[in-house]
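Heads up, the thing below is written out as structure tokens.
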Amino acid sequence: MAAAVEQAIEAREQLVVEAGTGIGKTYAYLVPVLHSGKRAILSTGTRHLQDQLFHTDLPRVCEALGVQPKIALLKGRSNYLCLHRLQLTLEEGRFARRRQAAEVQSINDWSGRTRTGDVSELSDIPEDAPVWPRVTSTADNCLGSDCPSYRDCYVLKARRRAQEAEVVVVNHHLLSADMALKEEGFGELLPGAEVVVIDEAHQLPETAARFFGLSLGSRQLQQLARDTRAEHLREAGDMQDLPDSADALDKAAADLRLAFGQGNRRLPWKDIRHKPEVRAALDGLRDALEQLRVWLETAAARGKGLEGCWHRAEQLVHKLASVCTEEGGDHVQWLETYTRSFAIHLTPLNVAAIFQQQLERLPASWVFTSATLAVGQDFHHFTRQLGLVEPRTLQLDSPFDFQSNGLLYVPAALPEPNSPSYTDAVMDQAEHLIEASGGRAFLLFTSHRALQAAAERLQECEHPVLVQGQMPKRELLRRFRELGNAVLLGTSSFWEGVDVRGEALSLVLIDKLPFAAPGDPVVQARIDRLREAGGNPFMDFQVPSAVITLKQGVGRLIRDATDRGVLVLCDPRLLNKPYGRIFRRSLPPMPLTRELRDVEAFFAAGIADREAKARA
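UniProt numbering applies: residue 1 is where the sequence shown begins, and numbers increase by one.
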């Protein structure tokens, strides 16, 4: 892999590499990148992987090669403390809960110690805590050079370090924002790069689609209202119409959320926009936003903070009009609701043409790599999504001995996945398997409903049961590793990016083949588009997407050369449907059984082996 990356850098070409678990893909691209001496951007799937690459992998490889390039870590704005907004929050002093007031005080104390302003340093406050949007900035609410804290700005400092660096570590969100010219932390990131490496590249198409689209959410509206109130106190305390209009916008956003109905949902905008209660609430939101815009225009001369709020209000007026208009043929309009918030999206159905234009604009060497890019031996599903034209491809299998250390179990006589009794039948199997494995299991589900049903069934389990949502993901995984005999139940976020090595994880059960829900508005729109074009949506889109997702889930089991484990795929379609062969060709080369006694024998042999080693 390192030789292929080196060749791609020298020839300024595109390379797509599927590197199976255990290849060492990070080192395989770091060595030729650092050896080349060229300016490089390394993009990862998550901020956690960014931190690992910057703080662990890069220093280790630099030391081994005896090189000392300038290296910088760059994240989006929301990852850095904004000193101005922290001061506004302290001055406003309005907190929904006592805990938020304590968190703001902790952040204020930390602000005097930190050198980078990277919020990940403050691990005591959860990443999704409501306080963070109040003390970090966005491209909308940043005051730029007019900010009173401009000289001490952590985003500005991170930008400068990146400008001077030879190797910059970013994530796909920041990379996509830069390509879409949506300034998130570094508007001129890409043009100077000679090499771009996209790690966890299977995530890039969906991330890019979000950034090449348009979204308006209740949180943007609420943040504008909150910032207006704060800037009113600071710059225009005599203009009572400002906080009154901000309160009216808050109420209008809340009313629209109520009009959308209860529950967390994703649905096409066309299915709900004509409902009388939605139209009335939407009109109310337009009126409230326009009224606030008018008052902010009047107040803008009072100070830069209010001027910034005025420009944001104007942008939100235009954005609201855009996301609510009739959708075009290349985009889908859809609504996403949460317990107390909502977002209306306008998402491109295909980013291939847009992405290809960006590649032509940026003539660097591009390396795309992941453990899951191919369907069987075919890369077309991935390359077609990004509009890559005949890139070089390389598929490298994992070096691990799956034949000896793994077992694939497909239970016999399970009902069809659409049967009402299916989840109960899966859990009947799971209870036997958990007993045989002594816990040490991940149960991965394709829906939250199945997850909750499974959690209900396992209330009397003799092993510790950890359920997604009980606590932050990082804490769940820490407890799983420490307990050593736990059972963890998870959905989509646990299918990838989770690394548990050793005996703590010896069983991975997957309830169904992970086809995307056809009711999802974006998925359905892509299916409709393919069908209209005369294609086969199921075989051209749904099956390949499910294969990639399944490979991610399967990859949780064997993470090291000495790991042993059983992979349980409960879905009978793996064996009784013609397309099941496509899934099987993408699985590690494990022996297949349909007998529970073979699983029990596999675990018994593992126990005997451990006991023998302990005696020795």
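Just so it is clear, CB atoms sit at the ideal spot from N, CA and C, and this is done for glycine as well.
This structure is a prediction, so every number in the text was calculated from the model and none was measured.
Beta-bridge partners of S43 (DSSP): V170 and I198.
Listed as beta-bridge partners of A441 by DSSP are V487 and L507.
For E18, the beta-bridge partners assigned by DSSP are S370 and Q395.
For S145, there is no enclosing alpha helix (DSSP H), as DSSP marks it with neither H nor E. Relative to the Cα of N171, the nearest Cα in the group Q377, L53 and K275 belongs to L53. Per the coordinates, the alpha-carbon of N485 lies some 38 Å from the alpha-carbon of P133. Boundaries of the beta strand (DSSP E) harbouring I344: F342 to P348, taken from the DSSP string. Its chain contains I107, N108, S111 and V135 as the residues whose beta carbon lies nearer than 7 Å to that of L86, once the 5 sequence neighbours on both sides are disregarded; these appear in chain order. Only residues of its own chain outside the window of five on either side were considered, and among them Q468 and K473 have a CB closer than 8 Å to the CB of S493, listed in chain order.
Annotation: S421 is outside any beta strand (DSSP E) and is labelled neither H nor E by DSSP. Checking the DSSP bridge columns, you'll see L466 partnered with L488. The beta-carbon separation of H232 and L242, rounded to 4 Å, stays under the 8 Å limit for a contact. By the C-beta density criterion, A561 is exposed, having fewer than 16 other C-beta atoms within 10 angstroms. Here T325 is exposed: its Cβ has fewer than 16 other Cβ atoms, across all protein chains shown, within 10 Å. For the 9 Å CB-CB criterion, S245 and A288 form a contact. Annotated three-state conformation of Y409 is strand, per DSSP. Where A72 is concerned, the enclosing beta strand (DSSP E) starts and stops at I71 to L73. The three-state secondary structure of V568, taken from DSSP, is strand. In summary, I607 is exposed, with fewer than 16 beta-carbon neighbours lying within 10 Å of its beta-carbon over all protein chains present.
Contact between the region 30-47 and the region 389-399 is absent: fewer than 3 CB-CB pairs across the two stretches fall below 8 Å. Relative to M590, the option among P578, A352, L569 and R573 whose CA is nearest is L569. Here the alpha carbon of R581 sits roughly 28 Å from the alpha carbon of V389.
Excluding sequence positions up to five before and after P521, its CB lies within less than 7 Å of the CB of R266, L267, P268, V332 and W334, all in the same chain and listed in chain order. Here the alpha carbons of S419 and A441 stand approximately 25 Å from one another. Burial is judged here by how many other beta carbons sit within 10 angstroms of a residue's own beta carbon; M471 has fewer than 16 and is exposed. Look at Q315 here: in three-state DSSP terms it is helix.
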